[in-house]
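Asks: Pasting in a structure now, in structure tokens, and then I'll have a few things to ask.
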């Protein structure tokens, strides 16, 4: 099982966005990360593009079981499950990818557990629309990766803990 954490950023000034993602194994260790500059105009488009591009990369890398983790309520609702008859073309394309011979699930996470992906989204991506693969994880990024794992665990423990009366 591989988790895909996605994030994105949109600059209203230049009308461009950037998307990113990190693929993690079952222990939370980062397998690889990427970022890409996209031409878009709305936050929702950025949210959907980041899921679509992440799924395409997962497919290209031969991952057969993937959990998409997003901190976007809007994107989560649109892709859980994605409708092939959605009026949004991006959602239809995501639905097509979901329906191929592999296992895909979506999971809503809190922003506090998605800091590393947010950090990558703010990095400079190539302006020609190509991918920038991250094969070196700087110290700040490594700290964010570790923090994400801790925040995910703490959030889960908080939810499982019985309320005090």
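Numbering (the numbering used here), first residue to last: 1200 to 1364. Note that CB positions come from ideal geometry on N, CA and C, so glycine has one too.
1) Take the Cβ of residue 1204 as the centre, count every other Cβ of all protein chains shown within 10 Å, and call the residue buried at 16 or more, exposed below.
2) Give the DSSP bridge partners of residue 1281, in chain order.
3) Note down the Cα distance separating residue 1307 from residue 1274, rounded to an integer number of angstroms.
4) Over the uninterrupted alpha helix (DSSP H) stretch that includes residue 1295, give me the two end residues.
5) Out of 1244, 1285, 1291 and 1288, which has the shortest C-alpha to C-alpha gap to residue 1208?
6) Going straight from the alpha carbon of residue 1224 to that of residue 1281, what length do you get?
7) Leaving aside the five residues before and after residue 1265 along the sequence, list all residues of the same chain whose C-beta is less than 8 Å from its C-beta, in chain order.
Replies: Considering the structure as presented:
1) Within 10 angstroms of the beta-carbon of residue 1204 lie 16 or more other beta-carbons, which makes it buried.
2) Beta-bridge partners of residue 1281 (DSSP): 1278.
3) One C-alpha to the other measures close to 9 Å.
4) 1288 to 1297
5) Nearest option by C-alpha distance: 1244.
6) 24 Å
7) 1200, 1201, 1202, 1203, 1254, 1257, 1301, 1302, 1303 and 1304
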